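What follows is a short report on a single structure.
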Amino acid sequence: MGTLDGAYSLVLMSTAKLICARDPYGFRPLCYGKTPDGAYIVASESCALAAVGACFIRDVMPGEVLIFSRDGVVSRRERCGTRPKKLCVFEYIYFARPDSVIDGRSVHAARIDAGRILSETHPVTADLVIGVPDSGLDAALGYSRASGIPYDIGLIKNKYIGRTFISPDGRADQVNIKLSAVEEVVRGKRIVLIDDSIVRGTTSGRIVSLLKRAGAREIHFRVSAPPFLYPCFYGTDVDSRENLIAVRHTPAEIARMIGADSLGFFPTERLNELTGDRRFCRACFDGRYPTKTPEDTRKNRFETKLSERKEE
Ligand code: SF4
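Just so you know, we're using my numbering here: the sequence shown kicks off at -6 and counts up by one.
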């Protein structure tokens, strides 16, 4: 841990011991719990503990090493406090499941707050608020509650996502229609549409046209994250700058490009209201990286990019 500089969580296991460690910045969440029959469980997200009937004990502290054995649990804290805490704020916006609690803050509550803040900073007159499943739904509910505009389910996630079919001429065609619009809900309506991010803009444009084809009258796109302006080097796939639409275009231009009637992003300066703690990483939004970054800042082109994954 004295050698590695960056984001990691480790779990090591032998027949006698279970050892876990969280990097000193605490970029990624890590917690542990115990099952009723006394087994210890370590997981990135607290929702995984509930899934196996374990109760949550606590988060592993940034820089902490925990050693579990028959003799109990030993906490080693020599590395705690050697780096400033920098939990990834995007865990609250997109990565984590809403039923998780990270460093004492509920992900669901953080997303509800994101929606409320969006309604304060980007209000609009509309008939309906809908969210893009899954991580846009909680923020949509928050926008609806704060603005008084009714919430509804206007988009349904297609069950057959990412399946590849071989067409008669032998080509493999990717089924890329991930969402369907609920026509009865959206027809003739002025809609506030909430999504968690815009990367290249391609997916956002498809969703807007899907809703317009289903009869939506206006689409006011609201994003529960600030614009992506820089790549991420801490294990997530936020893309190279050349692929980030917000690097070269203003919100008004992006709105035109994706076919929306208006567009509003979450304000970067209010991100601390999502985490309940000022010590977090937001480098993909403001370029202030907590560690040294590679000189060649192009991301590996063979990685699955967030934008591509969202489009599957
Ligand atoms: S750069 Fe962005 S995605 Fe990467 S760890 Fe920081 S906040 Fe998270």
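Ideal Cβ positions, reconstructed from N, Cα and C, are used throughout, including at glycine. For clarity, every value in this text was computed on a predicted model and none was experimentally measured.
With distances taken Cα to Cα, identify the nearest neighbour of residue i among the options.
i, options, result
"His115", "His213, Pro143, Leu80", "His213"
"Leu59", "Tyr33, Cys48, Ala44, Tyr227", "Tyr33"
"Ala107", "Asp131, Cys225, Asp120, Tyr1", "Asp131"
"Cys225", "Leu237, Ala102, Ser217", "Leu237"
"Val82", "Arg69, Ser39, Cys277", "Cys277"
"Pro143", "Thr196, Val179, Ser7", "Val179"
"Arg234", "Gly228, Val175, Tyr223", "Tyr223"
"Val66", "Lys27, Leu3, Gly(-5)", "Lys27"
"Asp30", "Gly46, Phe273, Gly194", "Gly46"
"Ala310", "Ser197, Phe49, Ala207", "With the chain running from -6 to 305 in the structure shown, residue 310 is simply not present."
"Gly194", "Met(-6), Arg249, Arg15", "Arg249"
"Val231", "Lys152, Phe88, Asn151", "Phe88"
"Pro91", "Gly129, Gly(-5), Ser62, Pro77", "Gly129"
"Leu203", "Leu172, Tyr136, Arg281", "Leu172"
"Asp(-2)", "Gly181, Ile86, Tyr227", "Tyr227"
"Thr75", "Ser190, Arg281, Thr(-4)", "Thr(-4)"
"Val382", "Thr286, Ser62, Arg241", "No answer is possible for residue 382: it lies beyond the span of the chain, which begins at -6 and ends at 305."
"Gly324", "Phe49, Ala102, Cys24, Ser255", "Because the chain spans -6 through 305 in this model, residue 324 falls outside it and cannot be assessed."
"Ala209", "Phe221, Pro219, Val185", "Val185"
"Ala139", "Asn151, Arg281, Val117", "Val117"
"Leu256", "Glu266, Gly135, Ala239, Ile12", "Ala239"
"Pro307", "Asp189, Ala9, Val201", "Outside the displayed span of the chain (-6 to 305) sits residue 307, for which this structure offers no information."
"Ile149", "Arg272, Glu177, Tyr136", "Glu177"
"Ala9", "Arg63, Ala43, Leu3", "Arg63"
"Cys13", "Phe49, Ala43, Arg69", "Arg69"
"Asp279", "Leu264, Ala44, Lys205", "Leu264"
"Lys79", "Arg281, Glu288, Cys274", "Cys274"
"Gly135", "Arg199, Ser217, Glu57, Tyr1", "Ser217"
Mind checking which residues open and close the beta strand (DSSP E) that includes residue i?
i, result
"Tyr25", "24 to 27"
"Met6", "2 to 6"
"Gly(-1)", "Gly(-1) -> no beta strand (DSSP E), and no H or E assigned at all."
"Ile123", "121 to 124"
"Glu266", "It is not in any beta strand (DSSP E) - Glu266 instead sits in the alpha helix (DSSP H) that spans 265 to 268."
"Ser202", "Premise fails: Ser202 lies in the alpha helix (DSSP H), 195 to 206, not in any beta strand (DSSP E)."
"Gly280", "No beta strand (DSSP E) holds Gly280; DSSP gives it neither H nor E."
"Ser255", "255 to 258"
"Glu211", "211 to 216"
"Ala89", "Element bounds for Ala89: n/a, residue is neither H nor E."
"Ile149", "148 to 150"
"Ser173", "172 to 174"
Can you find a heavy atom of ligand 1 that lies under 7 Å from the Cβ of residue i?
i, result
"Ala276", "yes"
"Tyr227", "yes"
"Phe259", "no"
"Phe83", "yes"
"Val231", "yes"
"Phe61", "no"
"Phe49", "no"
"Phe214", "no"
In the DSSP assignment, the alpha helix (DSSP H) including residue i goes from what residue to what residue?
i, result
"Ala14", "Looking at the DSSP string, Ala14 is not in any alpha helix (DSSP H); the run it does join, the beta strand (DSSP E), is 11 to 15."
"Asp106", "100 to 114"
"Asp131", "130 to 140"
"Arg183", "That residue, Arg183, is in no alpha helix (DSSP H); its beta strand (DSSP E) goes 183 to 188."
"Ile247", "244 to 251"
"Ala240", "The question names Ala, but residue 240 in the sequence shown is Val. Element bounds for Val240: 238 to 241."
The region 105 to 112 in contact with the region 253 to 267 per 3-pair CB rule at 8 Å: With the cut-off at 8 Å, the region 105 to 112 and the region 253 to 267 touch.
Every unbroken beta strand (DSSP E) within the region 17 to 80, with a cutoff of 3 residues, ordered by chain: For the beta strand (DSSP E) assignment, the uninterrupted runs of no fewer than 3 residues enclosed by the region 17 to 80 are, from N- to C-terminal side, 24 to 27, 33 to 36, 48 to 52, 58 to 62, 65 to 69.
The region 8 to 20 / the region 36 to 55 touching (three or more Cβ pairs under 8 Å): A contact is defined here as three or more CB-CB pairs under 8 Å, and the region 8 to 20 meets this definition with respect to the region 36 to 55.
Inter-stretch contact (C-beta, 8 Å, three-pair minimum) for the region 88 to 101 and the region 117 to 124: In short, these stretches do not touch, since the Cβ pair count stays below three.
contact_flag[the region 34 to 42, the region 243 to 258] where n(CB pairs < 8 Å) is 3 or more: With the cut-off at 8 Å, the region 34 to 42 and the region 243 to 258 do not touch.
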